[in-house]
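Chains as they are written, first to last, in this note's numbering: chain A, 1 to 257; chain B, 258 to 514. Built from N, CA and C at the ideal position, the CB exists for glycine as well. What follows is one structure encoded as structure tokens, with my remarks underneath.
Number of protein chains: 2
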Amino acid sequence: MATGRTHRPATRSRGIPEATVARLPLYLRALTALSERSVPTVSSEELAAAAGVNSAKLRKDFSYLGSYGTRGVGYDVEYLVYQISRELGLTQDWPVVIVGIGNLGAALANYGGFASRGFRVAALIDADPAMAGKPVAGIAVQHTDELEHIIDDNGVSIGVIATPAGAAQQVCDRLVAAGVTSILNFAPTVLTVPDGVDVRKVDLSIELQILAFHEQRKAGDEGAVTAAAARAAVDASASSDDDRKGPDGDVPAVMPA
Amino acid sequence: MATGRTHRPATRSRGIPEATVARLPLYLRALTALSERSVPTVSSEELAAAAGVNSAKLRKDFSYLGSYGTRGVGYDVEYLVYQISRELGLTQDWPVVIVGIGNLGAALANYGGFASRGFRVAALIDADPAMAGKPVAGIAVQHTDELEHIIDDNGVSIGVIATPAGAAQQVCDRLVAAGVTSILNFAPTVLTVPDGVDVRKVDLSIELQILAFHEQRKAGDEGAVTAAAARAAVDASASSDDDRKGPDGDVPAVMPA
DNA sequence: ATGTCTTTGTGAACGCGTGCACAAAGATGA
DNA sequence: TCATCTTTGTGCACGCGTTCACAAAGACAT
Chain A
1 MATGRTHRPA TRSRGIPEAT VARLPLYLRA LTALSERSVP TVSSEELAAA
51 AGVNSAKLRK DFSYLGSYGT RGVGYDVEYL VYQISRELGL TQDWPVVIVG
101 IGNLGAALAN YGGFASRGFR VAALIDADPA MAGKPVAGIA VQHTDELEHI
151 IDDNGVSIGV IATPAGAAQQ VCDRLVAAGV TSILNFAPTV LTVPDGVDVR
201 KVDLSIELQI LAFHEQRKAG DEGAVTAAAA RAAVDASASS DDDRKGPDGD
251 VPAVMPA
Chain B
258 MATGRTHRPA TRSRGIPEAT VARLPLYLRA LTALSERSVP TVSSEELAAA
308 AGVNSAKLRK DFSYLGSYGT RGVGYDVEYL VYQISRELGL TQDWPVVIVG
358 IGNLGAALAN YGGFASRGFR VAALIDADPA MAGKPVAGIA VQHTDELEHI
408 IDDNGVSIGV IATPAGAAQQ VCDRLVAAGV TSILNFAPTV LTVPDGVDVR
458 KVDLSIELQI LAFHEQRKAG DEGAVTAAAA RAAVDASASS DDDRKGPDGD
508 VPAVMPA
């Protein structure tokens, strides 16, 4: 998972397996869609299909949260939305800072979905003095010098790093020193952090390379489904199973190298 | 990860475990950095540290590729770069199309790392007629009508979807029908594809929600490392292991909901 | 109340991934 | 040539995650 992902080994947090936590947002999204269509209840089979997972897996996932279903009926949509939101900590607002307002940083800042799900862009930070004061997505960019100040004033605990690879570790260190304990890293670097700090990475280049691997395998594999066959099968029933990231100091790191 | 990720169950491709494939790009990046510093050989221990993984894991990963190391010495950097590149299919050029040139699509198009690692932006495609002909990252945006034409002419097999959620499945279907067999999905939707087509997803919103979960857990957990402690430990030794609005049809989907 | 039918919740088995720990292999020096 | 030292490659065990398959639970009709 995506990406790619850097989290603690496999320590399950409060009994909920990490793999389950990673799927909860998926369920939540499907449930929200149902909620907006005013669907009152949903079966594990239906919801699993909407989320693109196995129904047994979904039921087991929910069983870690508690017994929220009714046998013979299914799950109450609204209730489940609330329970999952609460479990994920989305009932409170999380102020977030984005560091590195290049192409990607600006794209992230412009994304309207931040506010809608418990996240709020508290500040945009960039090292370029020329950017300071410039409005991006309606928010004035602030200079890196203000970083500690901003984190402290807003009680920020989640930081997003969208800087070039060369600056990422330094920014990370400053964020952590200022009190940030969760980091979403878009820079193509392995970040080193103290225990107690969570890092997740999103690495487009890695994702592409993994696709290239499978693509190459398909091309060399004559026994596999051919492109033509896949083409023809496009409107047939389809199965999407489960789920689920330049060396240093170069470009704004939209896509790691 | 981000990404989260959607791939076939756990079918190991040609004997190489999926988990290993996902780490190869990481090793490759570390090796490339060493190569640029003209380091001739590297031990599993050193390389593992640079890639942020366990050295035993790295050795086991490499053992799937073959015996490329020399006992008592380590691995030849250049040779390993070549072998991994070849294994990942990066020795050939992969033409890629990006569909949906909003904030994110533009950010991706502007990323310089595409060309550097076997990937080449063959075309930028958007549904907005007003975008057609407009240059983004030096490439003229083409209208969706041209999609099939473009895929076919350029022999594109990898597509990147950066459209709003509501358009993603439709775009996906057209890409697949036109011959694309690998898709990198940035839209916050579960894509349904025929067998033989690989889909990986990058979903910022999911990553943030997972961070929020852990953040909440930390906050409620008094036995855990406090923010202050993490702050103080920032320059101590650190261990990093191993990673819109409504549901459908709105904003450019930088960040799923 | 009783029976039938649907759907949940979970026990159990299996498979993949991880990490330890060590034997085998090669380099290096005497 | 032989001994020593370093580092690889891997056998093995363990644990997490997935999936099957079914018993328990509740809804609903009669």
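Residue i burial status per 10 Å Cβ neighbour count (16 or more: buried)
i: residue 282(B); result: buried
i: residue 170(A); result: exposed
i: residue 75(A); result: buried
i: residue 149(A); result: exposed
i: residue 445(B); result: buried
i: residue 38(A); result: exposed
i: residue 85(A); result: buried
i: residue 327(B); result: exposed
i: residue 308(B); result: buried
i: residue 129(A); result: exposed
i: residue 477(B); result: exposed
i: residue 333(A); result: In this structure chain A extends from 1 to 257, so residue 333(A) is not present and cannot be described.
i: residue 377(B); result: exposed
C-alpha gap between residue i and residue j, whole angstroms
i: residue 105(A); j: residue 442(B); result: 19 Å
i: residue 403(B); j: residue 422(B); result: 21 Å
i: residue 174(A); j: residue 41(A); result: 47 Å
i: residue 143(A); j: residue 212(A); result: 39 Å
i: residue 32(A); j: residue 107(A); result: 24 Å
i: residue 137(A); j: residue 100(A); result: 14 Å
i: residue 471(B); j: residue 389(B); result: 44 Å
i: residue 134(A); j: residue 113(A); result: 22 Å
i: residue 54(A); j: residue 335(B); result: 43 Å
i: residue 265(A); j: residue 195(A); result: In the structure displayed, chain A extends from 1 to 257; residue 265(A) sits before or after that span and is not available.
i: residue 190(A); j: residue 16(A); result: 26 Å
i: residue 49(A); j: residue 56(A); result: 11 Å
i: residue 87(A); j: residue 340(B); result: 44 Å
i: residue 275(B); j: residue 318(B); result: 10 Å
i: residue 28(A); j: residue 20(A); result: 12 Å
i: residue 183(A); j: residue 172(A); result: 8 Å
i: residue 461(B); j: residue 204(A); result: 12 Å
i: residue 141(A); j: residue 398(B); result: 29 Å
Whether residue i touches residue j by CB criterion (8 Å)
i: residue 475(B); j: residue 181(A); result: yes
i: residue 154(A); j: residue 122(A); result: yes
i: residue 35(A); j: residue 73(A); result: no
i: residue 283(A); j: residue 473(B); result: Because chain A in this structure spans residues 1 to 257, residue 283(A) falls outside the shown range and cannot be described.
i: residue 287(B); j: residue 304(B); result: yes
i: residue 315(B); j: residue 324(B); result: no
i: residue 139(A); j: residue 178(A); result: no
i: residue 124(A); j: residue 98(A); result: yes
i: residue 202(A); j: residue 459(B); result: yes
i: residue 367(B); j: residue 110(A); result: no
i: residue 433(B); j: residue 454(B); result: yes
Residue i (DSSP reduced to helix, strand or coil)
i: residue 220(A); result: helix
i: residue 401(B); result: helix
i: residue 121(A); result: strand
i: residue 185(A); result: strand
i: residue 409(B); result: helix
i: residue 314(B); result: helix
i: residue 294(B); result: coil
i: residue 194(A); result: coil
i: residue 420(B); result: coil
i: residue 331(B); result: strand
i: residue 515(B); result: Nothing about residue 515(B) can be reported from this structure: the residues present for chain B run from 258 to 514 only.
i: residue 338(B); result: helix
i: residue 202(A); result: coil
i: residue 433(B); result: helix
i: residue 395(B); result: coil
i: residue 352(B); result: strand
i: residue 52(A); result: coil
i: residue 370(B); result: helix
i: residue 225(A); result: Because residue 225(A) carries a pLDDT of 44, less than 50, the predicted location of this residue cannot be relied on, and no value is offered for it.
Contact test: residue i Cβ vs the ligand HEM heavy atom, cutoff 7 Å
i: residue 193(A); result: The ligand HEM is not among the ligands present in this structure, which contains no ligands whatsoever.
The stretch 206-220 of chain A touching the stretch 406-418 of chain B, judged by at least three CB pairs closer than 8 Å: yes
The stretch 345-362 of chain B / the stretch 87-94 of chain A touching (three or more Cβ pairs under 8 Å): no
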